[in-house]
Structure formats: C-alpha cells, structure tokens
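To start, the structure under review is shown below, and the notes come after it.
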Amino acid sequence: MNYKFFSLILLIANAVLVTSKVTFRLIAVSGTPYCYTNNKKYPMKEEQYPVFTLTLNSLVGPINYHYGIDDKEESFTRTLNSESTLNEFFNRKQTVYEHPLLPKAFESFPTLKKSKLFDDTHIGNFILQADQNEIDNLHAHPDKDKLKVTVKAIYVSPYTVKVFNNAYIKISGQSTKYSTKLSYKLGGLKTDDDKELYGRTAVKLRAEYNDPSFMREKTTFDMLNAVGAPSTQGKHIRLFINKREIGLFLITDDFSNKHFLKSVFNNGKKFEVSNAIFKVNNSGSLSYQGENTIFDPYSYKGDEENVKSLDKIKEILVPFMKEVDKYPSTKKLSLDIEAFLRAMAVEYLTYGTDNYWQVQGNYFIYKNIAKDGKWYFIDSDFDMTFGHGSPSACLETNIDTYPSLKKNRDPSRPLLDNLRSVKNNDEYLKKAIERMLNTCFNIKAVNARLDSFSEMLREDALWDFKLKRVSTYSGDQPLKSRSFTETNFDNELNNDSKVLKDRPYPIRKWIKDRTNQVISTYNFSVSKNPDTSLGYFEPEYDSIKSDTTSTKTTTRTTTRTTTRTTTTTTTTSSSSSPSSDPNKYRCGVKFDNRRCKAGECCSSHNWCGTSIDHCGAGCQSKFGDCDSTGQITITTTTTTTKKTTTTKKTTTTTTKKTTTTKKTTTTKKTTTTKKTTTTTKNSLPTSREECGPNVAVCASGLCCSKYGWCGDTEKYCSNGCQKEFGLCW
C-alpha cells in the first residue's frame, strides 16, 4: 500500500523470552488492579498514579495475560512478546493503532510545527482532581462564561504521565452549554518546572455530543491539514473528574492561545510582538458598511489585556474590512487568499452547515503582525458536517447556489464573492475542490482511515454512550440530551447507504454522494484510486525518544518505526533485551547525520527500514540505500513442489543491491515459508493497495484484509483475511 503506517516496535517481538524480567503496566483511575498470568493473580503497585505496574522474573514467552480491577476481569487474553507493556487501559483490547493517512492535496502549511499531543494512533486520558463542590457548581452553571475551577490535571498516554498542579477547567462552546454532555476548556497546563503539554498550555475538549461516530470533526480537521490550510489537529481522549467517568472527547487547540498561533504561524518559535486575533460569530461578513457596520459578531482575542474589544476591532480589523470591500477594483488584499480558498473547498465538500460559507461565522481571523502583516482565515467548529442540515438539497447545489441553503439569510458572502470575482481565484477554488476529490476526499482513502478509527473508537464510544451525564443546569434554556447506541455508531461511521430516521447522512454515504454530484456538476476528472504524489499528512508521533519535560513526568521509551515489508516477518531483533538507544532506528540530519546500517534505507521521515515506504519516494540516499521500486529484500519465496528430477539448476539469492549466483544440484524444487500461502487467480492483477474479488491479488508477502486492502499486520492477516487474494495467518 502507498499510504504510510508506522508500526510500534516492541523489541524482541515474536522471540521466546526465557528467564526474563517482564513488566506489566495498567492505567487504573480507581479500584485495585491485578494482573493474571501463568494461572496466577498478582496485585499491581502504584508507580505514578494512575499507572500501576507488576514486574515478574523467569517468565517464558510469548506471555498470555489479562487484567482485573476489584472484582472485574477482562474477558479476553492479551499476549506480550517483549519485556514491558505500554501503559494499557482496562478492557481495551489494543492500545496503539496503525491508521492509514490521508493523501495531501497541497503541501502542508509552511510554518506549521506539529505537536505530539495530536498523535492520534491512541486514545489519551485526562484525569482531573478538584474540589467536588466547585465542580458541581460549574456543571450547574454552564452559562457563566467566567466561571472556572482550579484542578490538578494528569495527562496519561501509552508512553507517559504528565502532571499539571495548577491547571483550570471551564465550560466551552456556545449551543453545547445547554447539553447534558458538556464541552470544556483546560488551561494552565504547565508543570511545576514550567514545561507545557507538548507545546500547549490550553486545549479544548469537544464533547461531540451530536456525533455518535466521533469522527465528523476529526475528519474535517484532517482534511484541512491535508489541503495545507492553517488549522488545529484532533485527538481522542477519555476524561475523568474526581475519578468519575465523564466520557470520550476530541482534543483540539484553543485557537486564540499564543502557543497554537506560534506553532502554526511561526514554526513553534515565540512571537516578539502581541498577536492580533479575532473570533467571529454568525453574520460576520467582514464587510465594512461605514456607520452601519455591525460589530457584534466580532470579538478581540489577542494578547493585549485590559483593552476594549471594540477599540481593537476598529484599530486592527476595520482596515482589513475596507480592503475586502475594495478588492474587486484594487485586486489587493492582505490575506492568504489561496489558503482561504482551500478552506472553502473543504467547507463545500464536507457541507459545513455551521461554518463561514453557510452562516458567515464560527471562524477566527488572525493578523501576523510579527511578519508581513498578512491576515489568515482559521476555520472552526465542524461537528455539523458530512450530511447534517439539508443534505438532499445540498446535493443539488453548485458553488454559486450553495449559500442559498440557509433560508432567510442574505446569500451574499462579501469576502468570498469579491475574491471569486477575479477569474484566477475562482479557478483556484475549483481546482482545490477537484484536488480534494482525487486525494483527501477520495472515498477509498477516507474509507481505509475510517475503518481503522472505527476499530479504535468502538469500545470507548459504547462506554461513553452508557455514562450518566453531569450537567445539572436548570435555567431558562431547554437542556438538550442525546441517547446513542452501537447502531448509531455503526450507521454513521461504517455505513455508506442507509440513513436512519432523524439522523444525518453517514459520513461515507455523504462522501460518496457528494463526490458523484460534484463530478457530474463540473465534469471533473477523478481517479478511482487516490493521488498520493504529494505524500500524506502525518501527525507527529509520540514515544520516539525519551521526553524529560518534567521532574514529575514519567516517560517510557519505546522505539518504533514504519515497517511494511514484503516479508512474512515484520519485526526482528538481534538481542534479547531492548536497545538502550531510543534513536537506534532513526537517521538523517535531525539525528546527527546518522546513516542506516548496510542494506537499509532512510525514509523521508527519518526511519531506517527496508520496505517500499523507506526505500521508495522520499528515500534519503545520503543516509542509506535507496531503490525506486522498494523491492529491497526478498526473504521468502513461494513455489510449488514439482515432480522429482535430477538436473543442474541455478539458484539466485537476492538482497539489496547484491546478487550472487551459484550452481547447485537439486532433486526437488521446494521452498519453505513460515506462512501459509494461497493460490491466486491468474486473471487478476497484483496490487499493494486494493484487493479482493474482481479487483486484485496482493503482492508477495501481503495479506488481503476483510475490507479489501493489502497489508502485513494482524488486522490485515487475521480475522476476516481473504486467503484467496493474499496471505493469511
């Protein structure tokens, strides 16, 4: 497959552990945890709350085990092939996932510095401790914007525990304030030694109370990043307050926070001047109407304190609004126009019913005073995407009639309309839409990613649905409540046809129908397979190396790499203990110009390996071998046993850039493999991507998953694997 996965490398996987010391780690928010292995029950000790550990000697691997808390036990068996687990979570079968990535439609935003906070390959945890009376008061008065509670915030991932003793929590959102499941803002995220949470001091915890898939907003942010628009990323977390289970949330940035701004617009470097950023609510057209201009939708969210919002609007924002009105004649606007138009392409395809193109609101506008004074549009709030609103009517609109979907609203959009009055801008918008259809909005690319997230989120989504909500609001506004089940989760995330009563389109159905409609409307050329020529938008992964962000932070070092090879063995180790060098498999300029060992390639993401992802496009020949085909090392071949004969034969052994030929005499042409292979249909082509009936057979060494994709990890090669079209374990 062409899209990139990373694989979590637990050194000595698939090796037998004899007389080894093994450590088990479990996140236990409450209760007394146990580990069951070798038919014995072992109590676990608190290492750093909420992580409990158990270390045993003289175990023979692979080791089967499971956890218990108080009188509850996991109903499934885990298997350990290394000397330590990650920080695992009770009743969750898998800790880290390999998600297919979205192909980039355009290059990434040039000044973006990614944060490990948004490593979305696992579900994180926030555990808050506070005065319960204050928490109860907060939940009873979600409409009090200035009300906040001091908390001790503990962030726990599979790799680390980070403690923030002086954090705070407050209610976030607008309409969601009157929902039984609330959204929050967490701030003050600095440790006692002044370190931040992966470069962030504040985050939003989005409840996704109206989205049982938990993926509408996440997918939209992924697409914004894939088109190179300035935006946040998203990651799922579990939230606990005073050991009470609150639910599953999506972490996003606080757009007005200076740490977000420097990470997106200044490569993570501190600005030397104050930031000028404005939040815009509904009907914020950015059009200046002289004395009749309505300023209510705008609010100043910049760094300057003790200033009047209206004064900053008139001082900084009004001059830009005047530029917007004059643009058709001047053709000058101090805005990143192309980034704005790419964001509009995302809004149009995802049908953002609560965003700029529909309501002229729910966005931020930022002036980069430190550099060239250019303005940037930052889109936000995407829980009402992919088929909410009036989807059937939307599927009959083009980009000219799209604004008319909102009844009783002025369909004019001064900023966008004025930009589109210039032919080049209008053509660029249409180009961006077409590029998305061929890349990050391509149904094959999105389906593969949603398949993976469906597996990761299912257990936690069902856990969330069963929780009692915490809002006790009893004011003038009606309190909204949503009740979801596994049927809702599956329909909205995994279905591409059926629409349930009183529910929006499923995400996949919307993408399929929207794609067909736009192709028909504009006669765009769209390939069946996604265009991956620009690569993929990839998060910054955690756990790559030791992180010493705090003396009160426990970080476990685990080395991992992206390995998708054509062999049946995907993990190897030359020793029986983990390497002391966390960067053992890293290469390139960022890692002291380190070269990979002989026969290995240095990937574009600075990992050593031998797969097509390491040795193909983007391979760094300065730091290792490279091969445009990616066919680096063939360690397993498959032939059939033929009738016994005695002949002179030539056997060729192939390795990277090395071919040796020797003459041997054989009596039987036989090759032994570690995996069971299958007979393929000669009429089908060979593929590294899609596979299955009437499609293709996977290339040598790859399995055809139940979803019809080639790969070499457990989820491709085990349950549901299609043995007629590739390997199966």
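In terms of mature numbering (1 follows the signal peptide of the UniProt record, and there is no 0), the sequence shown is residues -20 to -1, 1 to 709. Note that CB positions come from ideal geometry on N, CA and C, so glycine has one too. All values reported here derive from a predicted model rather than from experimental measurement.
Q) Quick one: what's got a C-beta closer than 7 angstroms to Lys347's C-beta in the same chain, skipping five residues either side? A) Residue numbering aside, residue 347 sits at position 367 when the sequence shown is read from its first letter. Excluding positions up to five away in sequence, the list reads Ala256, Ile296, Gly353 and Trp355.
**Q.** Beta-bridge partners of Trp587, as assigned by DSSP
**A.** Counted from its first residue, the sequence shown places residue 587 at position 607. Trp587 pairs with Arg566.
Q: Would you list the one or two residues that DSSP bridges to Leu166?
A: For the purposes of this step, residue 166 is taken as residue 186 along the sequence shown, with counting starting at 1. Beta-bridge pairing links Leu166 to Ile149 and Val183.
Q) Which runs of the beta strand (DSSP E), 3 residues or longer, sit entirely within the segment 54 to 123? A) 58 to 60 and 104 to 109
Q: Any chance you could list the alpha helix (DSSP H) runs of at least 4 consecutive residues sitting entirely within the segment 447 to 486, in chain order?
A: 466 to 474
Q: For Phe56, count neighbouring Cβ atoms within 10 angstroms of its own Cβ and tell me buried if that reaches 16, exposed if not.
A: Walking along the sequence shown from the start, residue 56 turns up at place 76. Exposed, since its Cβ has fewer than 16 Cβ neighbours within 10 Å.
Q. Along the chain, where does the beta strand (DSSP E) that runs through Tyr280 open and close?
A. Sequence index remark: in the sequence shown, residue 280 carries index 300 (1-based). Here the beta strand (DSSP E) through Tyr280 covers Tyr278 to Tyr280.
Q | Span of the beta strand (DSSP E) around Glu27 | A | Working through the sequence shown from its first residue, we reach residue 27 at position 47. Note, Glu27: beta strand (DSSP E), Lys25 to Gln28.
Q) Counting along the chain, where does the beta strand (DSSP E) carrying Ala256 start and finish? A) As a first step, residue 256 must be located in the sequence shown, where it is residue number 276. Looking at the DSSP string, the run of the beta strand (DSSP E) that includes Ala256 is Ala256 to Val260.
Q.
Considering only the alpha carbon of each residue, which of Gly332, Leu266, Phe445 and Lys96 lies closest to Glu303?
A. In the sequence shown, the residue the question calls residue 303 occupies position 323. Out of Gly332, Leu266, Phe445 and Lys96, Leu266 has the C-alpha closest to the C-alpha of Glu303.
Q) Under 8 angstroms, do Ile49 and Ala110 count as touching if we go by C-beta distance? A) As a first step, residue 49 must be located in the sequence shown, where it is residue number 69. As a first step, residue 110 must be located in the sequence shown, where it is residue number 130. Cβ atoms of Ile49 and Ala110: not closer than 8 angstroms.
**Q.** Alpha-carbon to alpha-carbon, Tyr687 and Gly706
**A.** Working through the sequence shown from its first residue, we reach residue 706 at position 726. Working through the sequence shown from its first residue, we reach residue 687 at position 707. So the alpha carbons of these two residues sit roughly 13 angstroms apart.
Q) In three-state terms, what does DSSP make of Ile317? A) The count along the sequence shown starts at 1 and reaches residue 317 at position 337. Here Ile317 sits in helix by DSSP.
Q: State the start and end residues of the unbroken alpha helix (DSSP H) segment that holds Cys374.
A: Mapped onto the sequence shown, residue 374 falls at position 394. Segment Pro371 to Cys374, the alpha helix (DSSP H) holding Cys374.
Q: Output the distance between the C-alpha atoms of Leu241 and Gln340, rounded to the nearest integer angstrom.
A: On the sequence shown, residue 241 is found 261 positions in, with the first residue counted as 1. On the sequence shown, residue 340 is found 360 positions in, with the first residue counted as 1. So the two alpha carbons sit approximately 22 angstroms from each other.
**Q.** Among Ser461, Asp283 and Lys695, nearest to Met436 - alpha-carbon criterion
**A.** Numbered from 1 along the sequence shown, position 456 holds the residue referred to as residue 436. It is Lys695.
Q. Terminal residues of the continuous alpha helix (DSSP H) containing Glu225?
A. Stepping through the sequence shown from its first residue, residue 225 is reached at position 245. That residue, Glu225, is in no alpha helix (DSSP H); its beta strand (DSSP E) goes Arg224 to Asp233.
Q. From which residue to which residue does the alpha helix (DSSP H) around Asn427 run?
A. By one-based count along the sequence shown, residue 427 stands at place 447. Segment Ile423 to Phe445, the alpha helix (DSSP H) holding Asn427.
Q | Sequence-distant residues of the same chain with beta carbon closer than 7 angstroms to Ala323, five excluded per side | A | For the purposes of this step, residue 323 is identified with residue 343 of the sequence shown, where counting begins at 1. Cβ within range, chain order: Leu204, Ala209, Phe357 and Asp359.
Q. Are there 16 or more other CB atoms within 10 angstroms of the CB of Thr12, so buried, or fewer, so exposed?
A. One-based indexing of the sequence shown puts residue 12 at position 32. With fewer than 16 Cβ atoms within 10 Å of its Cβ, Thr12 is classed as exposed.
Q | Cutoff 7 angstroms; reference Ile317; Cβ partners in own chain excluding five residues on either side | A | For the purposes of this step, residue 317 is identified with residue 337 of the sequence shown, where counting begins at 1. So the list reads Leu399 and Asn405, once near-sequence residues are dropped.
Q: Look at the alpha carbon of Thr658 and the alpha carbon of Asp431, and state the distance between them as a whole number of angstroms.
A: Taking the sequence shown and counting its residues from 1, the one referred to as residue 658 is at position 678. Taking the sequence shown and counting its residues from 1, the one referred to as residue 431 is at position 451. Here the model assigns Thr658 a pLDDT of 37, short of 50, so the residue's position is not dependable and the matter cannot be decided.
Q. So, are the CB atoms of Glu670 and Lys424 less than 8 angstroms apart?
A. Numbered from its first residue, the sequence shown carries residue 670 at position 690. Numbered from its first residue, the sequence shown carries residue 424 at position 444. Their beta carbons are under 8 angstroms apart, which means Glu670 touches Lys424 by this criterion.
Q. CA-CA distance, Ile103 and Pro484?
A. By 1-based counting over the sequence shown, the position of residue 103 is 123. By 1-based counting over the sequence shown, the position of residue 484 is 504. Going by the C-alpha atoms only, they are around 26 angstroms apart.
Q: Report the residue from Lys165, Phe144, Tyr189 and Arg196 whose alpha carbon sits nearest the alpha carbon of Asp174.
A: Taking the first residue of the sequence shown as position 1, residue 174 is located at position 194. Nearest C-alpha to Asp174: Phe144.
Q: Could you have a look at Pro673 and say whether DSSP puts it in helix, strand or coil?
A: Residue numbering aside, residue 673 sits at position 693 when the sequence shown is read from its first letter. The answer is coil: DSSP assigns Pro673 none of H, G, I, E or B.
Q) Can you tell me whether DSSP reads Ile491 as helix, strand or coil? A) Numbered from its first residue, the sequence shown carries residue 491 at position 511. Note: Ile491 maps to helix in three-state DSSP.
Q: Excluding the 5 residues preceding and the 5 following Gly264 in the sequence, name in chain order all residues of the same chain whose CB lies nearer than 8 angstroms to its CB.
A: Counted from its first residue, the sequence shown places residue 264 at position 284. The residues are Pro277, Tyr278, Gln340, Gly341 and Tyr343.
Q. Where do the N-terminal and C-terminal ends of the alpha helix (DSSP H) with Leu409 fall, by residue?
A. For the purposes of this step, residue 409 is identified with residue 429 of the sequence shown, where counting begins at 1. Lys403 to Asn418 is the span of the alpha helix (DSSP H), which, as asked, contains Leu409.
Q. Terminal residues of the continuous alpha helix (DSSP H) containing Phe240?
A. Residue 240 sits at position 260 when you count from the first residue of the sequence shown. Start and end: Lys238 to Phe245.
Q. Any idea what DSSP makes of Leu385, helix, strand or coil?
A. The residue given as residue 385 occupies position 405 in the sequence shown. Here Leu385 sits in helix by DSSP.
Q: Give a yes or no on whether 8 angstroms exceeds the smallest Cβ distance from Gln74 to chain D.
A: The structure shown contains no chain D, having only a single protein chain.
Q: Can you grab the Cα-Cα spacing for the pair Ser555 / Gly41, in whole Å?
A: Position 575 of the sequence shown, counting from 1, holds the residue named residue 555. Position 61 of the sequence shown, counting from 1, holds the residue named residue 41. Caution applies to Ser555, whose pLDDT of 32 falls short of 50 and renders its modelled position unreliable; the value that the coordinates give is listed next. Using only the alpha carbons, I get a separation of about 15 angstroms.
Q: Could you please give the first and the last residue of the uninterrupted alpha helix (DSSP H) stretch that includes Asn398?
A: The sequence position of residue 398 within the sequence shown is 418, counting from 1. Asn398 -> alpha helix (DSSP H) spans Pro394 to Arg400.
(Q) Given this structure, state the Cα-to-Cα distance separating Ser454 from Ala120, to the nearest angstrom. (A) Taking the sequence shown and counting its residues from 1, the one referred to as residue 454 is at position 474. Taking the sequence shown and counting its residues from 1, the one referred to as residue 120 is at position 140. One C-alpha to the other measures close to 7 angstroms.
Q. Who are Ser(-1)'s beta bridge partners in DSSP?
A. Walking along the sequence shown from the start, residue -1 turns up at place 20. Answer is Leu39.
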